[in-house]
Amino acid sequence: EVPPPAEMSSFLDAVRVGDAVTAPSELRTIGAQETIEATLRKLGKHKILSLPVVAKGAASAHKYLGIISAADILLHLLFNEQFVSALEELETEELSIKDFNHDVESLLQAPVKSIIGQRSESKLVFLIRPEAPLSKVVGHFAQGVHRVLIGTNDKPKQHWLFTQSDAVRYLRRHLTHELVAPTARLTLEELGLAAGPKNMVSVSPKDSAAAAFQKLMR
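Going by full-length UniProt numbering, 203 is the number at position 203 of the sequence shown; the sequence numbering is gapless.
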């Protein structure tokens with residue numbers, strides 16, 4: 001992890017995370033007993049990538065069990081022996097597309113809570129107060145966290161998700177700020193963010209999409 005330049009640090013310390021969200025939308029959640037299929041449908045319906053998982057009747061932050069993303073569901077399938085076996089049989093035409101779909105649908109009937117923890121991030125729930133500095137959230141993001149909840153325990157109906165993408169969009173709107181511009185002008189190499197050949201992972205054009213995703217998720 002490379003610390004941000006001093007000017008950028010000052011900017012992140014001065015901005016309240018609540019002010020970095022221009023139009024907080026209703027927080028969508030999914031019940032712990034709902035199926036993985038229902039979770040996928042809800043993600044698609046609202047065109048979002050993740051859903052906090054809540055215990056039945058949950059009304060406060062401590063009832064959040066985790067946050068499930070589309071990537072968690074993809075991981076669940078791609079490293080599931082039943083799915084991998086069915087996919088191989090489909091590729092060799094030993095299994096019809098109808099039977100393949102049936103196998104996949106059976107995997108998606110498991111409760112969504114069953115896949116919490118398959119990726120460590122899915123069981124992490126950070127609740128950040130709106131008045132906290134943006135630097136606190138960026139600190140979590142720098143450790144590999146992709147999203148946090150913004151709000152307070154005493155107002156559970158006023159929670160919303162804040163993601164890495166939200167932070168990037170906010171910074172993009174302030175690229176000309178006197179504390180942001182010096183960092184924005186630096187190259188990735190100057191920031192220590194340029195990946196060398198040893199850190200790059202590639203796939204062959206002949207690899208299947210499933211194989212590529214498996215490598216990506218490892």
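Heads up, the beta-carbon is just placed ideally off N, CA and C, and yes, glycines get one too. Predicted model only: the values in this text are computed from it and were never measured.
Burial of A20 is indicated by the presence of at least 16 other C-beta atoms within 10 angstroms of its C-beta. Collapsing the DSSP output to three states places S106 in a helix. Here the C-alpha atom of G139 lies approximately 15 Å from the C-alpha atom of L124. With a cutoff of 8 Å on beta-carbon distance, I115 and V17 are scored as not near each other.
For P182, the enclosing alpha helix (DSSP H) has its first and last residue at 181-184. Rounded to whole angstroms, the gap between the alpha carbons of N101 and E91 is 13 Å. Listed in chain order, the non-local C-beta contacts of P5 below 6 Å within the same chain comprise T183, local neighbours out to five positions each way being set aside.
8 Å or more divides the Cβ of F141 from the Cβ of Q118. Residue pairing of Y64 in beta bridges, as defined by DSSP: V54. Distance from the CA of L107 to the CA of D207, rounded to the nearest whole angstrom, comes to 24 Å.
Cβ contact annotation for Q33 (same chain, cutoff 6 Å, sequence separation greater than five): P111, in chain order. A residue is called buried when at least 16 other Cβ atoms come within 10 angstroms of its Cβ; S50 meets this threshold and is buried. Each of G66, M200, K155, L95 was checked against the Cα of E121, and the nearest Cα belongs to G66.
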